[in-house]
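Enquirer: Structure below; questions to follow.
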Amino acid sequence: MNLKIMKIPNLNTILVSSIIAISIIMIVATVPIVHAASYSIYASPSNLVLSPGKTALVSIYASPGVNVSGARLTIIVYDSSIATITKVTPELPNAFIACKRMILGKELVVRCALASATPCKGETCKIITMTVKGVNAGTTRIVINGTVGLYNGTVYVVPPVTISVTVKSPIISPPPTSPQGKCRVVLIAEHNVTYINARDIISAVLLNCPQAAGVTLKLTYNGTLINVVNVIPGDFVKIVGGMFKNVVTHNEIVIAAAGARACDKSRTVIAKIIFEAKKPGMLTMYGQAQIAYSNGNVTYVKVTPIVVRIRKYLECDLNMNGRLDIGDVVLLLKAILGKIKPKVPCDLNHNGRIDIGDAYLLLMKIMKQLLGT
């Protein structure tokens, strides 16, 4: 990437300033360097917080600035995978600048020489302005050192200046067009307790995002506890009239759903994750979401995680809440009528099938629990 250089529009100014500037650069190169603590440079701002792909301007000043007419600066970005310099602009009046850019491992080194035929007049003098761009999340430093030159040809070594750069992945609040509140994605389990060899469902639910038209989810889980059997689309895909894709690996699920229409509901199901429990433990599923709105804007939110306890089955706990109660009797009666298939065994009379005798024994068992006998 070439660093951009300020252009001087007037041809006569260019010719005259070029001769003077070249002369100053030659003088800077030949005049002995004076080490003096009275001259320094500083950066404004000295701390940057960026998002990947975003830029910020940092100006470098000389102090004192009276009669400053040139500088030779070395700019070092210690980790160019986190941040980089995309542009260096001279700020001295009618200045010429030449920069050389080098990558040394992770370091980005930019060496610049600039000179002007018009010296600064103020107590502080702006020498250059850098454009700093965030690349990836992390923290790095930019260190600038070198010399400043006066109009009379005297050159001073200046102490180095350090700029702190932090690049953060953006977490953007959703657009104010969401009247119901803050947009978020939550994971909701059909049952908070499930059993080995039983199949269960975790739903990814989009809340308070009436302008959303697309969602991508990256969910993480412990693949030693469950097998993901299937991932099926929810009503979100039907509402936006779009596409649905998913990829499942041993520990991750990636889901993408998008359409051309905006969602008009405050609560929609993005996807249902059907899984089969393999061994006892505490299953935690969590992740991140990108939500795209109908105007093309994208927000990033954390997914509210879910914890499901997996244990060996409790006989006749058909509603899978970890205890025997009247709800299990209701489900058992439905299973006897063939309306549902029980998820756990419930053959209390040990005749090899479920029947009204099992329902009677289950009801008596619950009554004894309530009576404490």
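Letter 293 of the sequence shown, counting from 1, is numbered 296 in my numbering, and no numbers are missing.
Idealized CB from N, CA, C, for every residue including glycine.
1) So what's Q293 in DSSP terms, helix, strand or just coil?
2) Is it the case that the CB of S269 approaches a heavy atom of the ligand ZN more closely than 7 Å?
3) With distances taken Cα to Cα, identify the nearest neighbour of D238 among V257, L228, A216, Y224.
4) In angstroms, rounded to a whole number, what distance separates the CA positions of D361 and N354?
5) Considering only their Cβ atoms, is the gap separating Y154 from P2 smaller than 8 Å?
6) I276 and T219: beta carbons closer than 8 Å?
7) Taking DSSP as the reference, what is the three-state secondary structure of Y64?
8) Excluding the 5 residues preceding and the 5 following Y64 in the sequence, name in chain order all residues of the same chain whose CB lies nearer than 6 Å to its CB.
9) So for G137, helix, strand or coil by DSSP?
10) Within its chain, find whatever has a CB closer than 7 Å to the CB of R312; leave out the 5 residues flanking it on each side and keep chain order.
11) Do the segment 286 to 305 and the segment 327 to 344 make contact, defined as three or more Cβ pairs closer than 8 Å?
12) So what does DSSP say about K337, is it helix, strand or coil?
13) Just list the beta strand (DSSP E) runs in the segment 224 to 276, keeping only unbroken ones of 3 residues or longer that don't cross its boundaries, in chain order.
14) On the premise that G149 lies in contact with A74, defined as a C-beta separation below 8 Å, what is that separation, rounded to the nearest angstrom?
15) Using the three-state DSSP reduction, which class does G360 fall into: helix, strand or coil?
16) Three or more beta-carbon pairs under 8 Å between the segment 104 to 114 and the segment 68 to 83, yes or no?
17) Could you compute how far the alpha carbon of A40 sits from the alpha carbon of S84?
18) Skipping 5 residues on each side, what residues in its chain have a beta carbon closer than 7 Å to that of I229?
19) According to the neighbour-count rule (16 or more other Cβ atoms, all chains shown, within 10 Å of its Cβ), is L373 buried or exposed?
20) Would you call the CB atoms of L335 and I357 closer than 8 Å?
21) Give me the DSSP bridge partner(s) of E110.
22) Which class does K366 belong to by DSSP, given the choice of helix, strand or coil?
23) Taking the C-alpha atoms as reference points, what is the distance between A140 and G56?
24) Hey, how far is the Cα of M367 from the Cα of V332?
25) Cβ of V347 within 8 Å of Cβ of Y316?
26) Count the other C-beta atoms from every protein chain shown that fall within 10 angstroms of the C-beta of P93, then say buried if there are 16 or more, exposed otherwise.
27) In whole angstroms, give me the CA-to-CA distance for L365 and I199.
28) To the nearest angstrom, how far is the alpha carbon of Q291 from that of T307?
29) Any idea what DSSP makes of K371, helix, strand or coil?
Expert: Working from what's here:
1) strand
2) Ligands displayed in this structure: none; no statement on the ligand ZN is therefore possible.
3) A216
4) 9 Å
5) Because residue 2 is not part of the residues shown, which for the chain are 4 to 376, the question remains open.
6) no
7) strand
8) Y45, T127, K129
9) strand
10) N195, V196, M285
11) no
12) helix
13) 229 to 236, 246 to 251, 255 to 261
14) 6 Å
15) helix
16) yes
17) Low confidence applies here, because A40 scores a pLDDT of 47, under 50, leaving its location unreliable; read the following figure in that light. The alpha-carbon atoms of A40 and S84 are separated by roughly 34 Å.
18) F278, E279, A280, K281, L286
19) exposed
20) yes
21) L107
22) The amino acid at residue 366 is misidentified as Lys; the sequence shows Leu. Of the three classes helix, strand and coil, the one that applies to L366 here is helix, per DSSP.
23) 10 Å
24) 10 Å
25) yes
26) buried
27) 22 Å
28) 9 Å
29) helix
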